[in-house]
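Structure, as structure tokens:
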Amino acid sequence: MTDDLLADRPARWPVVSSRDLHRDDWVMALREDVVTRPDHPDERFTRISLEHPGAVIVLAVDEHENVVCLRQYRHTSGHEFVELVAGLRDAGDEPAVETAKRELQEEAELAAGSWRLLLSTFPSAGITDEVHEIFLARDLSPAPRGDFAMRHEEAEMEVFRVPMADLLDAVLEGRVREGPLAQAVLAYDVHRRRGTLDAD
Numbered sequence: 096m097t098d099d100l101l102a103d104r105p106a107r108w109p110v111v112s113s114r115d116l117h118r119d120d121w122v123m124a125l126r127e128d129v130v131t132r133p134d135h136p137d138e139r140f141t142r143i144s145l146e147h148p149g150a151v152i153v154l155a156v157d158e159h160e161n162v163v164c165l166r167q168y169r170h171t172s173g174h175e176f177v178e179l180v181a182g183l184r185d186a187g188d189e190p191a192v193e194t195a196k197r198e199l200q201e202e203a204e205l206a207a208g209s210w211r212l213l214l215s216t217f218p219s220a221g222i223t224d225e226v227h228e229i230f231l232a233r234d235l236s237p238a239p240r241g242d243f244a245m246r247h248e249e250a251e252m253e254v255f256r257v258p259m260a261d262l263l264d265a266v267l268e269g270r271v272r273e274g275p276l277a278q279a280v281l282a283y284d285v286h287r288r289r290g291t292l293d294a295d
């Protein structure tokens with residue numbers, strides 16, 4: 096009974112009309128829907144939705160319990176954030192873990208021998224359909240990015256490693272606030288305390 100209660104359920108309320116507020120050749124679009132409650136067709140209200148293909152986030156941890164981090168400028172938020180390797184799921188039907196492997200190589204010039212899904216989350220379910228697939232990557236080794244060219248904000252990105260314990264402290268003290276990073280680090284710490292990091 097509890098397992099059924101503690102599970103998200105797919106649902107779709109009736110949409111009376113829908114129109115694009117913005118759509119171009121980029122991967123995201125902004126849409127306005129007029130929605131009704133089930134069995135209440137006269138009760139209409141508007142919801143704005145950001146269509147998003149989703150993203151992968153990679154918590155890459157080396158043999159010394161150091162985490163591969165990035166420092167990247169984010170124009171919308173007006174910060175240079177400490178982040179993890181991440182990227183959009185904009186390559187069609189490519190499996191999430193394959194996107195994660197590609198992003199780790201492109202952004203950090205690393206490959207990983209061990210991959211595990213830590214979390215799958217909706218970062219802002221009231222605004223966007225975006226899903227974050229957060230992976231743990233271990234057994235790291237160098238993997239040059241080859242012909243991939245870093246552009247725009249990525250061209251200024253800093254890559255560095257920090258001890259997991261220091262990163263956890265930074266999250267808990269509010270010095271590092273980027274959501275997927277915080278979720279990944281907290282999930283890792285819970286698994287470590289439970290002794291389930293190596294469980295299948």
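Residue numbers (my numbering): 96 to 295.
Yeah, the Cβ is synthetic: ideal placement off N, Cα and C, and Gly gets one too.
Since the model is a prediction, treat every value here as computed from it, not as a measurement.
Under the DSSP definition of a beta bridge, which residues are partnered with residue i?
i: tryptophan 210; result: Ala232
i: proline 258; result: Asn161
Going by C-alpha to C-alpha distance, which of the options sits closest to residue i?
i: isoleucine 229; options: Phe140, Phe217, Gly221 and Leu235; result: Phe217
i: threonine 171; options: Ile143, Glu248 and Glu225; result: Glu248
i: methionine 259; options: Ala186, Glu158 and Ala106; result: Glu158
i: aspartate 120; options: Arg211, His147, Asp98 and Met245; result: His147
i: aspartate 293; options: Gly274, Glu253, Asp261 and Ala232; result: Ala232
Residue i to residue j, Cα distance in whole Å?
i: leucine 101; j: phenylalanine 243; result: 43 Å
i: alanine 124; j: tyrosine 283; result: 33 Å
i: valine 180; j: leucine 199; result: 6 Å
i: alanine 279; j: alanine 250; result: 25 Å
i: arginine 289; j: alanine 150; result: 27 Å
i: arginine 270; j: alanine 277; result: 11 Å
i: aspartate 98; j: alanine 106; result: 18 Å
i: isoleucine 85; j: arginine 118; result: Nothing about residue 85 can be read from this structure; the chain reaches only from 96 to 295.
Excluding the 5 residues flanking residue i on each side, which residues of the same chain have their C-beta closer than 8 Å to its C-beta?
i: serine 112; result: Asp128 and Val129
i: isoleucine 222; result: Ile143, Ser144 and Leu145
Can you list, in chain order, the residues of its chain with a C-beta nearer than 7 Å to that of residue i? Leave out the 5 residues immediately preceding and following it.
i: arginine 169; result: Phe176
i: leucine 234; result: The amino acid at residue 234 is misidentified as leucine; the sequence shows aspartate. Within the same chain, aspartate 234 has close Cβ partners Ala207, Gly208 and Ser209.
To which residues of the same chain is residue i closer than 6 Å at the C-beta, ignoring the five residues directly before and after it?
i: leucine 205; result: Leu199, Leu235 and Ala238
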